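>
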Amino acid sequence: MKKIQFNDVFKSYEDNQILKTIDFSVERGEAFVIVGPSGSGKSTILNLIAGLIKPDSGEIIMEGRAVTHESPKTRNVSFVFQDFALYPHMSVYNNIAFALKSKRMNKTDINTRVDTIAKKLHIEKLLKRYPNELSGGQKQRVALARALATEADIILMDEPLSSLDTDLRLKLREELKVFHKENNTTLIFVTHDQTEAMTLADRIMIINNGTIEQIGTPREIYLEPMTPFVGKFIGTPKMNLFKNDVGTLFGIRPQHIKISDSHLGEPVVITSIDYLGQENWVHFEYDAHPFVLVTTRVDLEVGQTIHITMDESNIATFN
1 MKKIQFNDVF KSYEDNQILK TIDFSVERGE AFVIVGPSGS GKSTILNLIA GLIKPDSGEI
61 IMEGRAVTHE SPKTRNVSFV FQDFALYPHM SVYNNIAFAL KSKRMNKTDI NTRVDTIAKK
121 LHIEKLLKRY PNELSGGQKQ RVALARALAT EADIILMDEP LSSLDTDLRL KLREELKVFH
181 KENNTTLIFV THDQTEAMTL ADRIMIINNG TIEQIGTPRE IYLEPMTPFV GKFIGTPKMN
241 LFKNDVGTLF GIRPQHIKIS DSHLGEPVVI TSIDYLGQEN WVHFEYDAHP FVLVTTRVDL
301 EVGQTIHITM DESNIATFN
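Read left to right, the sequence shown gives residues 1 to 319 (the UniProt record's numbering).
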């Protein structure tokens, strides 16, 4: 049985169409990542799942039960917000325990639950502190602990790592992967960061302008993009797009263009090079289209003629 299912869900605000009749489902225990540019409708989907807003039309189903118009209290969902949304007047302990007290859980069980989760997330020494005494990473762990404390079936996370520095973001991303593997919780994670999406997801849904562009595993998304938008949005550097004489649009990843050691292949002239340490991005023009390829070679120069090859099996065709 699907954990969550959207059937023909449409949502607008005044004259602005946020979601344009979308359909998708999330499996039980899945790490499902929604990725797309700002304003594409990602956060709206989380708010609909949580019951914070209602769709204009369509149906939302959780484990076979229609919850489209039910209140948030009827859905066993926890939400981790981008700005953490911690209560500033409460200690870390009380922030985590708040929802448990609301459920009238007895004090002994609350203490046990909070202590267990705090140890799992390495914040047991912070329980007496207040949010203004915490670093960004500590606040994020507390927000996650609060979501876990309720033992919700579904955890929604809205850009939870976006405000953190790079090193901390990498560390928490790895911890989140371990947490999900150990707990088998259904995790729905929203981000605009393709690296987060590719490393965290069992499956990815790419959304743009309120429309689903593609749903698939990270490997499928990268190797088999269904639309030019997916090809350009996922992957660094972006996919090379080019047309033939009759206007058919093709795409090839920069990693799939090879420099020939012989004079076999097509001759092109290097127009610029981005030196990035472990790899270099080599820019050139081919058939009046700008291209970039990725190589580890360091002996190349601007203005140099090189010969390139493209394996046809790596070329995507877009209708």
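For each residue, glycine too, the CB sits at the ideal point set by N, CA and C.
These numbers were taken from a predicted model, which means no experiment stands behind them.
Nearest to N183 by CA position, among P267, E30, I22, is which residue?
Along the sequence shown, read from residue 1 onward, the residue named residue 183 stands at position 183. Checked all of P267, E30, I22; the closest Cα to N183 is E30.
> Output yes or no for whether 8 angstroms exceeds the beta carbon distance between I18 and I34.
Within the sequence shown, numbered from 1, the residue matching residue 18 stands at position 18. Within the sequence shown, numbered from 1, the residue matching residue 34 stands at position 34. One thing to note: I18 has its Cβ no nearer than 8 angstroms to the Cβ of I34.
> So who's on the other strand from N7, going by DSSP bridges?
As a working mapping, residue 7 is identified with position 7 in the sequence shown. Answer by DSSP bridge pairing, in chain order: E59.
> Would you mind listing the beta strand (DSSP E) stretches within the segment 137-173 that are 3+ residues and don't spill past its ends, in chain order?
154-158
> Counting only the same chain and skipping the five closest in sequence on each side, list residues whose C-beta sits under 7 angstroms from that of L52.
As a working mapping, residue 52 is identified with position 52 in the sequence shown. Only P72 meet the Cβ criterion.
> Measure the alpha-carbon distance for V302 versus A316 and round it to whole angstroms.
Residue 302 sits at position 302 when you count from the first residue of the sequence shown. Residue 316 sits at position 316 when you count from the first residue of the sequence shown. Answer to the nearest angstrom: the Cα atoms are 29 angstroms apart.
> Can you check whether the CB of V269 is closer than 8 angstroms to the CB of W281?
One-based indexing of the sequence shown puts residue 281 at position 281. One-based indexing of the sequence shown puts residue 269 at position 269. The Cβ atoms of W281 and V269 lie no closer than 8 angstroms to each other.
> Please report how far the alpha carbon of E285 lies from the alpha carbon of A66, in whole angstroms.
Numbered from its first residue, the sequence shown carries residue 285 at position 285. Numbered from its first residue, the sequence shown carries residue 66 at position 66. Each residue's Cα considered, the two are about 54 angstroms apart.
> Please name the residue or residues paired with Q17 in a DSSP beta bridge.
As a position in the sequence shown, residue 17 is number 17, starting the count at 1. Partner(s): S12.
> What's the C-alpha gap between I96 and A118?
The count along the sequence shown starts at 1 and reaches residue 96 at position 96. The count along the sequence shown starts at 1 and reaches residue 118 at position 118. Their Cα atoms are separated by approximately 9 angstroms.
> At least one CB of chain B closer than 8 angstroms to the CB of Y222: is that the case?
Absent from the structure is chain B; it holds one protein chain and no more.
> What is the DSSP secondary structure of A201, counted as helix, strand or coil?
As a working note, residue 201 is residue 201 in the sequence shown. Note: A201 maps to coil in three-state DSSP.
> Roughly how many whole angstroms lie between the Cα atoms of F98 and F250?
To locate residue 98, count along the sequence shown from 1; it is residue 98. To locate residue 250, count along the sequence shown from 1; it is residue 250. Taking the straight line joining both Cα atoms gives about 54 angstroms.
> Determine the burial state of G64: buried for a count of at least 16 other Cβ atoms within 10 Å of its Cβ, exposed for fewer.
For the purposes of this step, residue 64 is taken as residue 64 along the sequence shown, with counting starting at 1. The residue in question, G64, is exposed, as its Cβ has fewer than 16 Cβ neighbours within 10 Å.
> Do V114 and Y93 have their CB atoms nearer than 8 angstroms?
As a first step, residue 114 is located in the sequence shown; it is residue number 114 there, counting from the start. As a first step, residue 93 is located in the sequence shown; it is residue number 93 there, counting from the start. Yes.
> Please return the same chain residues whose Cβ sits closer than 7 angstroms to the Cβ of F229, not counting the five positions on each side in sequence.
Position 229 of the sequence shown, counted from the first residue, corresponds to residue 229. Closer than 7 angstroms at Cβ, skipping near neighbours: N208, E213.
> Could I get the ranges of all uninterrupted alpha helix (DSSP H) runs contained in the segment 185-261, with 4 residues as the minimum, in chain order?
194-200, 218-223, 228-233
> Out of curiosity, what's the CA-to-CA distance linking K238 and D299?
As a first step, residue 238 is located in the sequence shown; it is residue number 238 there, counting from the start. As a first step, residue 299 is located in the sequence shown; it is residue number 299 there, counting from the start. Their Cα atoms are separated by approximately 23 angstroms.
> Do you know how far the Cα of I306 is from the Cα of T227?
For the purposes of this step, residue 227 is identified with residue 227 of the sequence shown, where counting begins at 1. For the purposes of this step, residue 306 is identified with residue 306 of the sequence shown, where counting begins at 1. For T227 and I306, the distance between alpha carbons rounds to 30 angstroms.
> What number of angstroms, rounded off, separates the C-alpha of S12 from the C-alpha of L156?
For the purposes of this step, residue 12 is taken as residue 12 along the sequence shown, with counting starting at 1. For the purposes of this step, residue 156 is taken as residue 156 along the sequence shown, with counting starting at 1. Rounded to the nearest whole angstrom, the CA to CA distance from S12 to L156 is 21 angstroms.
> Nearest to G277 by alpha carbon, out of H289, L264, R297?
Sequence index remark: in the sequence shown, residue 277 carries index 277 (1-based). That would be R297, whose Cα lies nearest to the Cα of G277.
> For the beta strand (DSSP E) that F291 lies in, which residues bound it at each end?
Your numbering for residue 291 matches position 291 in the sequence shown. Segment 289-295, the beta strand (DSSP E) holding F291.
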